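Chemist:
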Amino acid sequence: MRNFLYALSALSLLAVGASHADEPTQGETSLSPETPDILSLRDQADIHDRWLAERLDIVVPALMREHKIDMWVIIAREYMEDPVLSTMLNSTSMRARRRTVLVFSDPGNGEPVERLTVSRYGMGNFFKSAWNPEGGDNQWARLAEVIAERNPEKIAVNVSSASAFADGLTSSQYTDFYAALDPEYQKRIVSGFDLATGWLETRIPGEMEYYPGIVRTAHSIIGEAFSSRVITPGETTADDVVWWTRQKISDLGLSPWFHTSVSVFREGEPEELAGDTIIEKGDLLWIDFGIVYLGLNTDTQHMAYVLKDGETDAPEGLKAGLRASNDVQDALISSFETGLSGNEVLARARQKAIAAGLEPTIYSHPIGYHGHGAGSAIGFWDNQGPSDKGIYRLRPNTAWSIELAAKKAVPEWGGQEIPFRTEDDAFFDGKTVHFIDGRQTRLHLIAEE
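Going letter by letter, the sequence shown gives residues 26 to 474 in our numbering.
#1: How far does the alpha helix (DSSP H) with L265 in it extend, from its first residue to its last?
#2: Roughly how many whole angstroms lie between the Cα atoms of N422 and S188?
#3: Report the residue from T386, V458, H397, D462 whose alpha carbon sits nearest the alpha carbon of A430.
#4: For the candidate residues I256, T222, G217, whose alpha-carbon lies nearest to that of E473?
#5: Assign D407 to one of two classes, buried (16 or more other C-beta atoms within 10 Å of its C-beta) or exposed (fewer than that).
#6: Considering only the beta carbon of each residue, do D497 and G193 sit closer than 8 Å?
#7: For P208, does the count of other Cβ atoms within 10 angstroms reach 16, so buried, or fall short, so exposed?
#8: Quick check: the Cα distance between V126 and K179, rounded to an integer number of angstroms?
#9: Based on the DSSP secondary-structure assignment, which residues constitute the bridge partners of R124?
#10: Let me know the secondary structure DSSP gives N368 once reduced to three states.
#11: Does the pairing of the segment 366-377 with the segment 276-292 give three or more beta-carbon distances under 8 Å?
#12: Can you find the residues in the same chain that come closer than 8 Å, C-beta to C-beta, to D352, ignoring five residues on each side of it along the sequence?
#13: Report yes if the CB atom of E232 is closer than 8 Å to the CB atom of W425, and no otherwise.
#14: Does the beta carbon of N150 sit closer than 8 Å to a beta carbon anywhere in chain C?
#15: By DSSP, does Y203 sit in helix, in strand, or in coil?
#16: Can you tell me whether DSSP reads E442 as helix, strand or coil?
#17: Using only CA atoms, which one of D413, Y394, H395 lies nearest to I403?
#18: Who pairs with A434 in a beta bridge, going by DSSP?
#19: Can you give me the C-alpha to C-alpha distance between G175 and D162, rounded to a whole angstrom?
#20: Report the rounded CA-to-CA distance for S350 versus G52, giving the unit in angstroms.
#21: Contact between the segment 79-90 and the segment 304-324: three or more CB pairs below 8 Å?
#22: With DSSP as the reference, please indicate the residues paired to T142 in a beta bridge.
#23: Assuming W76 is part of the alpha helix (DSSP H), what are its boundary residues?
#24: Going by DSSP, what residue range makes up the beta strand (DSSP E) through A173?
#25: Would you kindly report the start and end of the unbroken alpha helix (DSSP H) that includes H397?
#26: Pick helix, strand or coil for G346, following the three-state DSSP scheme.
#27: Which word fits A173, buried or exposed, when buried means at least 16 other C-beta atoms lie within 10 angstroms of its C-beta?
#28: Would you be able to state if there are at least three C-beta pairs under 8 Å between the segment 60-76 and the segment 111-118?
#29: Between E428 and V267, what straight-line distance do the alpha-carbon atoms span, to the nearest angstrom?
#30: Let me know the secondary structure DSSP gives L225 once reduced to three states.
#31: Going by beta carbon distance, what residues of the same chain come within less than 7 Å of R375, once the five residues before and after it are set aside?
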């Protein structure tokens, strides 16, 4: 099964290369790219359903067979979505209805995995209906019959103390489900942690064909926010920039997955500034920004410098700080290895960075269906040692936010220490890490018009 996943990885890289040959990977991103055209809702729905079909046909069977699970049951109620089920709904279903039950059953012998829904409402052509409520059957009783008819050895459900992504089955639904089963099948219930995590973290070639444009859209919004079109030194506040980005996202018909942050680092100020702080010439700016488009998330942190009168570039000390952050990025992405835990990758990366004379803080995470996605954490800003969240092992065909900071003294600011925080999104093919739309290697420069 590993061979299958590596084959999928190769297809992913081919898809990206064929459709985005002019896109940067390890190189720098454009600081002021044009915003790509946003697809109509109908076109977005068509892409969503194409991806869903591919994922259900390929990803689910691969995961079930890798982890030797012959049945996966996912249960959710309206307004109480399971994180996995919400990503398995077709474009017109959108939400769980009443109680939605999805069943994946692997008959073995290389036959296709059967997909059923024991629910009142249909699921397009993705799941075959296995319940006729008008016939008088109880939903739980019918689900128990479906299970008994297929006689699975292991029945995975989304219950896990280790991850919210694999813990979508509520207590009452689990209790009712359990009570409906014959005692023999009750004993066969196992956690769906590996299936849920694997489903959510795995990126398919179709998604990776579009992900560069999604990240490019985020980069274009940041590029405009960090320009004289938005910022007038002496007038514009940090919050003005924050709310400009929120409005821009809305105007494009997209959504944020968190509220934008904008901070100001200023010579002589011991703490970073935010909120109603007015941006002045000579300030170093930082933004943390993310959008959701085509069901995929971005997470980006860039830095900008507001030029003083007569300046054409940022002070060398500030540019050196950004280079230090890039060096920590290099230490981290060169430490990725399939099968290592996030804790092991963190230790490797920190050792490399510290040996190079850097002061790193690494707190990277998977990204995809969720901004802080399913998979292993690689450090936390407040914990640079091993953690429970870093035990999970890295897998190929996963997307990551390479999020970190390098502390650096700025000579031009009297040796003032600044945390140069950067974040750009990347893809791990199982062997190497490639930035999806490049990374920031130069400060945005803001000049008064």
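Positions of the beta carbon are idealized from the N, C-alpha and C atoms, including for glycine.
Being a predicted model, the structure only gives us computed values, none of them experimental.
Modeler: Put simply:
#1: First, the residue type needs correcting, since residue 265 is Asp and not Leu in the sequence shown. That run of the alpha helix (DSSP H) goes 263-276.
#2: 20 Å
#3: T386
#4: Sorting I256, T222, G217 by C-alpha distance to the C-alpha of E473 places I256 at the top.
#5: Under the 10 Å beta carbon count, D407 is surrounded by fewer than 16 other beta carbons and is classified as exposed.
#6: Absent from the model: residue 497. The displayed extent of the chain is 26 to 474, so no value can be given.
#7: Of the residues assessed, P208 falls on the exposed side of the cut-off, its CB having fewer than 16 other CB atoms within 10 angstroms.
#8: 17 Å
#9: For R124, which the question treats as bridged, DSSP gives the partners R102.
#10: helix
#11: Touching, no.
#12: A378, A381, L383, A431
#13: no
#14: Here chain C cannot be found, since the structure has a single protein chain.
#15: helix
#16: strand
#17: D413
#18: E442
#19: The identity of residue 175 in the sequence shown is Arg, whereas the question assumes Gly. Going from the Cα of R175 to the Cα of D162 covers about 18 Å.
#20: 14 Å
#21: no
#22: L127, S154
#23: Segment 66-91, the alpha helix (DSSP H) holding W76.
#24: Where A173 is concerned, there is no enclosing beta strand (DSSP E), although the alpha helix (DSSP H) it sits in stretches over 164-175.
#25: It is not in any alpha helix (DSSP H) - H397 carries neither H nor E in the DSSP assignment.
#26: Three-state result, G346: helix.
#27: By the neighbour-count criterion, in which a residue is buried when 16 or more other Cβ atoms sit within 10 angstroms of its Cβ, A173 is exposed.
#28: Yes, the segment 111-118 is in contact with the segment 60-76.
#29: 20 Å
#30: Note: L225 maps to helix in three-state DSSP.
#31: P385, I387, Q409
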